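Its first residue numbered 784, the sequence shown is counted upward by one per residue in the numbering used here. Idealized CB from N, CA, C, for every residue including glycine. All figures in this text were calculated on a predicted structure; none of them were measured in a lab. See below for the structure under consideration.
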Amino acid sequence: MATPRVVGDALDARRGARATSARVAHYGRAFDCAFAPWGRRASDSSSAWDEIIVTCGEDATARVHGVDARDASARTLATCRAHREEVVRVAFARASGRFATGSADGTCKVWDFDARERVVREAQSLDGHPGEVYGCCFLGDGDGGVVATCSETEARAWDVERGTTTAKTAPRDDLGTSGARTPERWSPGYLFSMARGDGVLACGCSDGIVRVYGDGSSGTFGERVAEVTAHPNAIVGSTSFIDGGRVLCSVGLDGTVVLTDVRTWGIFRRISAGSTLTSACGVGSGSWLAMVGESGVVRAIDAIGDASSSAQCVFEPKGEPVPLFCVAANESGTMLACSGAGVPSSAPTLGATFGTKTPDPSRLDVWMASSEA
784 MATPRVVGDA LDARRGARAT SARVAHYGRA FDCAFAPWGR RASDSSSAWD
834 EIIVTCGEDA TARVHGVDAR DASARTLATC RAHREEVVRV AFARASGRFA
884 TGSADGTCKV WDFDARERVV REAQSLDGHP GEVYGCCFLG DGDGGVVATC
934 SETEARAWDV ERGTTTAKTA PRDDLGTSGA RTPERWSPGY LFSMARGDGV
984 LACGCSDGIV RVYGDGSSGT FGERVAEVTA HPNAIVGSTS FIDGGRVLCS
1034 VGLDGTVVLT DVRTWGIFRR ISAGSTLTSA CGVGSGSWLA MVGESGVVRA
1084 IDAIGDASSS AQCVFEPKGE PVPLFCVAAN ESGTMLACSG AGVPSSAPTL
1134 GATFGTKTPD PSRLDVWMAS SEA
């Protein structure tokens, strides 16, 4: 079984993965992060950045960061300022420089990023959602022309150029029961995440169910494919696919990651972290999974190996640990990135002088493979 290099190096030697930090990810909490799937493209050969990461957060912005693999440096390149409220999701198109952001303001923005010029332009605003947009992903051939979103209890497909809805899921009358800790405005069946697999969209919900819909590539967009009761009465905050799309991973606030076989939509493993989890992602193309949560560390595990002997390792962020809300890996599995709560500072601020509260800045931590012994 192939081991992703960033994870393998950490297992072989404690110095095998180098950690770096961008000075500020956001002012306030950072809710999501994603690597550009294309890394440094041939057309961007003059760029100093080997990887591009986009984060989004409580300060109503999305921020574009560049990572240089030569010296492990990370720097903020551009800031997107079109949303009116916190930005909670980000997703990339595979074959273009586009990415999308979902926000609590009820919109999904589509952005064009020019890595060479470090310029971000708002290409379209997708308006008219029934509530907050807690999930988004690109559909089609990856050119960025079609986006799927989820808001409240429905998923929609959008024509980006026209800014119009082309299809949406049917109203649901079979909603589950949300847990006692779920706020009333999010119950029941509120969609909190969206991940694209092979012809499907997996949406984690506030009632602990992962609802799986067709993505329209074969058949009708929004047709119900499966419902997986993965985290009874706990919010499902994150969904993703690993092992070449053969395994669906769902993360619940009950502190578990549930693995589902997409061939049968049957659950075959539950992984308990012992504390609240918020996000997970695949590392490389195999069976490795990285997860984060309240503990403030990144735990990576061979999710499909023998449960009694699965290889695993832990990455501890530089500086004071804070709760982490998001984790992402690059395409090759040689870099991991995470961010989360604001990092408290004892230094006085200008805002404090005038009696106003300044949000603590959150930090973007990046680990990358190293040849150091």
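>> Please report the straight-line C-alpha distance between Phe896 and Ser1115, rounded to a whole angstrom.
In response: As a working mapping, residue 896 is identified with position 113 in the sequence shown. As a working mapping, residue 1115 is identified with position 332 in the sequence shown. Their backbone Cα atoms lie some 21 Å apart in a straight line.
>> I need the boundaries of the beta strand (DSSP E) containing Glu1010, first residue and last residue.
In response: The residue you call residue 1010 lines up with position 227 of the sequence shown. Taken as a continuous stretch (DSSP letters only), the beta strand (DSSP E) holding Glu1010 covers 1007 to 1012.
> Which whole runs of the beta strand (DSSP E) in the stretch 805 to 860 are 3 residues long or more, in chain order?
Replying inline: For the stretch 805 to 860, whole beta strand (DSSP E) runs of length 3 or above, ordered along the chain, are 813 to 818, 834 to 840, 845 to 851.
> Tell me which same chain residues have a C-beta within less than 8 Å of the C-beta of Ser1070, skipping the five on either side of it?
Replying inline: Walking along the sequence shown from the start, residue 1070 turns up at place 287. Taken in chain order, the residues that qualify are Met784, Ile1025, Asp1026, Val1030, Asp1085, Ala1086, Ile1087, Gly1088.
>> Measuring CB atoms only, is the stretch 848 to 866 touching the stretch 911 to 927, in the sense that at least three cross pairs come out at less than 8 Å?
In response: Counting Cβ pairs under 8 Å, fewer than three are found: no touch.
> Residues in its own chain within less than 7 Å of Thr803 by CB, not counting five upstream and five downstream?
Replying inline: Residue mapping note: residue 803 aligns to position 20 of the sequence shown, counting from 1. For Thr803, where only same-chain residues beyond five positions count, the Cβ hits under 7 Å are Ala855, Ser856, Ala857, Val1149.
> Under 8 Å between the Cβ atoms of Leu860 and Val847?
Replying inline: Reading the sequence shown from its first residue, position 77 is the one you call residue 860. Reading the sequence shown from its first residue, position 64 is the one you call residue 847. The answer is yes: Cβ separation under 8 Å.
>> Measuring alpha carbon to alpha carbon, tell me which residue in Val1034, Ala950, Lys892, Ala813 is nearest Asn1016.
In response: Translated into positions along the sequence shown, residue 1016 becomes position 233. Per the Cα distances, Val1034.
> Alpha carbon to alpha carbon, what distance is there between Val902 and Thr1012?
Replying inline: Taking the first residue of the sequence shown as 1, we reach residue 1012 at position 229. Taking the first residue of the sequence shown as 1, we reach residue 902 at position 119. So the two alpha carbons sit approximately 43 Å from each other.
>> Looking at the secondary structure, which residues open and close the beta strand (DSSP E) in which Leu1060 lies?
In response: Residue mapping note: residue 1060 aligns to position 277 of the sequence shown, counting from 1. DSSP places Leu1060 inside the beta strand (DSSP E), whose first and last residues are 1060 to 1066.
> DSSP state of Asp1085, grouped into three classes?
Replying inline: Taking the first residue of the sequence shown as 1, we reach residue 1085 at position 302. In the structure shown, Asp1085 sits in a strand (DSSP, three-state: E or B).
>> Report the CB separation of Arg877 from Val893 in whole angstroms; it is logged as a contact under 8 Å.
In response: Your numbering for residue 877 matches position 94 in the sequence shown. Your numbering for residue 893 matches position 110 in the sequence shown. Between Arg877 and Val893 a beta carbon distance of about 14 Å is seen, past the 8 Å cut, so the two are scored as non-contacting.
> For Ser1023, which residues from the same chain have a beta carbon less than 7 Å from its beta carbon, with the 5 sequence-adjacent residues on both sides left out?
Replying inline: Within the sequence shown, numbered from 1, the residue matching residue 1023 stands at position 240. Ala978, Cys1032, Ala1063, Cys1064, Gly1065, listed in sequence order.
> Would you say Gly997 and Val983 are within 8 Å of each other, going by their C-beta atoms?
Replying inline: In the sequence shown, residue 997 corresponds to position 214, counting from 1. In the sequence shown, residue 983 corresponds to position 200, counting from 1. A contact, by the Cβ cut-off of 8 Å.
> Under the three-state reduction of DSSP, which class applies to Arg1053: helix, strand or coil?
Replying inline: As a working note, residue 1053 is residue 270 in the sequence shown. Annotated three-state conformation of Arg1053 is strand, per DSSP.
> Which of the three DSSP states, helix, strand or coil, is assigned to Phe975?
Replying inline: Counted from its first residue, the sequence shown places residue 975 at position 192. The three-state secondary structure of Phe975, taken from DSSP, is coil.
>> Taking the beta strand (DSSP E) that Arg881 belongs to, which residues open and close that run?
In response: Position 98 of the sequence shown holds residue 881. It spans 881 to 886 - the beta strand (DSSP E) in which Arg881 sits, taken as one unbroken run.
>> Between Gly980 and Val1040, how many whole angstroms is the CB-CB distance? I'm expecting something under 8 Å.
In response: Taking the first residue of the sequence shown as position 1, residue 980 is located at position 197. Taking the first residue of the sequence shown as position 1, residue 1040 is located at position 257. That pair is no contact at about 16 Å.
> If you run the structure through DSSP and keep just helix, strand and coil, what is Leu1147?
Replying inline: Taking the first residue of the sequence shown as 1, we reach residue 1147 at position 364. Strand at Leu1147.
> Under the rule that 16 or more other beta-carbon atoms within 10 Å means buried, what is Gly1076, buried or exposed?
Replying inline: Numbered from 1 along the sequence shown, position 293 holds the residue referred to as residue 1076. Flag for Gly1076 reads buried.
>> Quick check on this structure: which residue in Glu1103, Ser1068, Ala1111 has the alpha carbon closest to the alpha carbon of Arg1082?
In response: Position 299 of the sequence shown, counted from the start, is the residue given in the question as residue 1082. The option with the nearest alpha carbon to Arg1082 is Ala1111.
> Rounded to whole angstroms, how far is the Cβ of Asp815 from the Cβ of Ala831, which I believe are closer than 8 Å?
Replying inline: By one-based count along the sequence shown, residue 815 stands at place 32. By one-based count along the sequence shown, residue 831 stands at place 48. Wrong, their Cβ atoms sit about 25 Å apart, outside the cutoff.
> Which two residues bound the contiguous beta strand (DSSP E) that contains Gly1028?
Replying inline: In the sequence shown, the residue the question calls residue 1028 occupies position 245. No beta strand (DSSP E) contains Gly1028, which DSSP labels as neither H nor E.
>> Could you tell me the alpha carbon to alpha carbon distance between Leu1147 and Val929, rounded to whole angstroms?
In response: Start at 1 with the first residue of the sequence shown, and residue 1147 comes out as number 364. Start at 1 with the first residue of the sequence shown, and residue 929 comes out as number 146. If you take the alpha carbons of Leu1147 and Val929, they lie about 29 Å apart.
> Exposed or buried, which one is Glu944 when buried takes at least 16 other CB atoms within 10 Å?
Replying inline: Within the sequence shown, numbered from 1, the residue matching residue 944 stands at position 161. Glu944 is exposed by the Cβ-count criterion.
> Can you tell me whether DSSP reads Asp1037 as helix, strand or coil?
Replying inline: As a first step, residue 1037 must be located in the sequence shown, where it is residue number 254. Coil, per DSSP.
> Just checking my contact of Cys839 with Val870 at CB under 8 Å: how many whole Å lie between their CB atoms?
Replying inline: Here the question's residue 839 lines up with position 56 in the sequence shown. Here the question's residue 870 lines up with position 87 in the sequence shown. Confirmed, Cβ separation roughly 4 Å.
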